[in-house]
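Written out below as structure tokens is the structure these notes cover.
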Amino acid sequence: MTASAARLSELLAPLIASTGADLENVDVSKAGKRSVVRVVVDRDGGVSMDDVADVSRVVSDALDQLDEAEPDALGPSYVLEVTSPGVDRPLTAPRHWRRNISRRVTVVLHEGPNVTGRVVSADDDQVVLDVDGEERTLALADVVRGTVQVEFSRKGEEEDT
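For the sequence shown, the positions run 5 to 165 when my numbering is used.
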């Protein structure tokens, strides 16, 4: 029996928080006889390779302890993958919006047309976008999700010529 993602999230979230990172997602899947445990973490300022290594050690120790206490929890063997969220990760929590200030996003609202603009600011209740030179404030309660738009150069960055 493989431990559920929800159970692993509950186990791992406080441990990952102790490293200064946030647990974004846990996914458990099968790859032959092995389980693959994929842990996605983020933090303000982004995740460095050192951060991934720190989180990997903490998570690996916790999973080893779980495996020792409950040999069937992760199956006969498992592979651990620790990664940061990709640019295609939906922006759903207030911290996601704060971490993407100055990026261009498309916002899907519960009601009304989608909105595309650059994140100016965000807090726990709202996000402010620059939409074609005008600021527009959106209540996060009205937002289904946001998606970062990939740009080859961001506003304010000088392009190499």
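Even glycine gets a Cβ: it sits at the ideal position worked out from N, Cα and C.
Secondary-structure assignment with DSSP links D46 through a beta bridge to D26. Taking 8 Å as the upper bound for CB-CB distance, L16 and V63 are in contact here, some 6 Å apart. Setting aside the 5 residues that flank it on each side, V45 is surrounded in the same chain by I20, A25, D26, L27, E28, V51, V59, V86, S88, each with a C-beta closer than 7 Å to its C-beta; the list follows chain order. If you look at L16, you'll find it isn't in any beta strand (DSSP E); it sits in the alpha helix (DSSP H) that goes 9 to 21. S8 sits close to V32, with the two beta carbons spaced by under 8 Å.
Within the same chain, and ignoring the five residues on either side of S81 in sequence, the residues whose Cβ sits closer than 6 Å to its Cβ are R38. Cβ-Cβ separation between L142 and Q130: approximately 6 Å, consistent with a contact (criterion under 8 Å). By the C-beta density criterion, R61 is exposed, having fewer than 16 other C-beta atoms within 10 angstroms. Counting along the chain, D68 sits inside the alpha helix (DSSP H) bounded by residues 53 to 73. Spatial neighbours of I105 in its own chain (CB-CB distance under 8 Å, excluding positions within 5 residues in sequence) are listed in chain order as V123, V124, S125, A126. Shortest Cα-Cα distance from E115 to any of L95, H100, D146 involves D146.
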